[in-house]
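Note sheet for the following structure.
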Amino acid sequence: MQEEFGLHELAMEDARAAHQRPKLETYGESIFIVVKTATLVENKIVFGETHFFAGKNYLITLRHGVSKSHSSIRANCENHPQKLALGTGYALYALLDAIVDNYLLALTELHTQFTQLEADIFDDSMSTDTLQRIYSIKRELMLLRDAAQPFVDICHELMRFHEDVIPKSIRVYLRDVQDHARRVMESCDNMREMLVSAMQINLAMVSIGQNDVVKQLAGWGAILAIPTVVFSLYGMNFEYMPELKWHYSYFAVVGSTVVACIGLRRKLKKANWL
Numbered sequence: 003m004q005e006e007f008g009l010h011e012l013a014m015e016d017a018r019a020a021h022q023r024p025k026l027e028t029y030g031e032s033i034f035i036v037v038k039t040a041t042l043v044e045n046k047i048v049f050g051e052t053h054f055f056a057g058k059n060y061l062i063t064l065r066h067g068v069s070k071s072h073s074s075i076r077a078n079c080e081n082h083p084q085k086l087a088l089g090t091g092y093a094l095y096a097l098l099d100a101i102v103d104n105y106l107l108a109l110t111e112l113h114t115q116f117t118q119l120e121a122d123i124f125d126d127s128m129s130t131d132t133l134q135r136i137y138s139i140k141r142e143l144m145l146l147r148d149a150a151q152p153f154v155d156i157c158h159e160l161m162r163f164h165e166d167v168i169p170k171s172i173r174v175y176l177r178d179v180q181d182h183a184r185r186v187m188e189s190c191d192n193m194r195e196m197l198v199s200a201m202q203i204n205l206a207m208v209s210i211g212q213n214d215v216v217k218q219l220a221g222w223g224a225i226l227a228i229p230t231v232v233f234s235l236y237g238m239n240f241e242y243m244p245e246l247k248w249h250y251s252y253f254a255v256v257g258s259t260v261v262a263c264i265g266l267r268r269k270l271k272k273a274n275w276l
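Going from the sequence shown to this note's numbering is simple: count from 1 and add 2.
Structure below.
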């Protein structure tokens, strides 16, 4: 194909190797585009990449990693011959649009997973599995945003230049792809902010719970301090102490201690410490 279509050797070198960054490069009359793909496999997002060689009379795609077949996209284009007659630009738009639509499907799946985690997030005792899943969703959102962001620049350049491949009648379609990519980016940012806010709220709830425990412990410690002081005082072996030889000394001391403890408990209860 390189010999048949006169593809540049530098573009072919990039196409043979995976893990290229998303980009658009021009080699003479040929356009070389690299974009990331996102495919749902058993409710998990698997990322790959697709390379495009586009010229006035040809369009070549090369897929690396997991991605959906282009047969359904080709069939849909063939069902609209009046649009396919616009040339390579329409077929390129159809493929780019399908890739961005897959981003939206992946984003919907992440939103569903986040909704399922919300109940656990607002629980006082968040499990380790929930924290790991939240981190996984944040990581996938970051990767999905990084995949969608280059579409904005790629579509912008295709709309401004390369009229031999992208006629003016196709630019409105590419503007729609660009708008979808921006929507994916905004949704990823919003969901990441929601995840961060939810985790901060959970940490605040845990801190409030810990403060309540500390207050209760401090309150009971204050109550127990009263009998501790009184009984330790009367446990000293002094010969002359008040009321030692009074017949009702024991009942008076114990009763006073109980009354003081009950009074302090009521006061702490009123102050929401117990």
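Backbone N, C-alpha and C define an ideal beta-carbon position, used for all residues, glycine too.
Beta-bridge partners of A56 (DSSP): I33 and L61. Spatial neighbours of R173 in its own chain (CB-CB distance under 7 angstroms, excluding positions within 5 residues in sequence) are listed in chain order as M161. Three or more Cβ pairs drawn from the region 140-150 and the region 173-188 lie within less than 8 angstroms of each other, which places the two stretches in contact. The continuous alpha helix (DSSP H) containing H158 extends over residues T130 to R162. Taken through DSSP and simplified to helix, strand or coil, E111 comes out as helix. Of the other Cβ atoms in all chains shown, fewer than 16 fall within 10 Å of the Cβ of K25; this residue is therefore exposed. The beta carbon of I264 lies closer than 8 angstroms to none in the same chain, with the five residues before and after it left out. For K70, there is no enclosing alpha helix (DSSP H), since its DSSP letter is neither H nor E. A Cβ-Cβ separation of about 5 angstroms places T90 in contact with V167 under the 8 angstroms criterion.
Residue pairing for L42: DSSP places it in a beta bridge opposite I47.
Within the model, the alpha-carbon separation for S258 versus K217 is close to 25 angstroms.
L26 sits in a strand when the DSSP states are folded into three classes.
Contact check for L266 against A220 fails: the beta carbons are separated by 8 angstroms or more. L197 is positioned such that its CB atom lies no closer than 8 angstroms to that of L107.
Secondary structure at G91: helix, using DSSP grouped into helix, strand and coil. I156 counts as buried, since at least 16 other C-beta atoms from the protein chains shown sit within 10 angstroms of its C-beta. Boundaries of the alpha helix (DSSP H) around L12: E11 to R18.
By the criterion of at least three beta-carbon pairs nearer than 8 angstroms, the region 132-141 is not in contact with the region 27-43. Annotation for N104: A40 place their beta carbon closer than 6 angstroms to its own, counting only its chain and skipping 5 residues before and after. Per DSSP, reduced to three states, the secondary structure at I101 is helical. The region 92-100 makes contact with the region 68-80, as at least three CB pairs between them are under 8 angstroms. Within the same chain, I139 come within 7 angstroms of Q115 by CB-CB distance, once the 5 residues on both sides are set aside.
CA-to-CA, the gap between L9 and F54 works out to about 11 angstroms. Contact annotation: I228 and A200 have beta-carbon atoms that are not nearer than 8 angstroms. Within a 10 Å sphere around the beta-carbon of K38 sit 16 or more other beta-carbons, which makes this residue buried.
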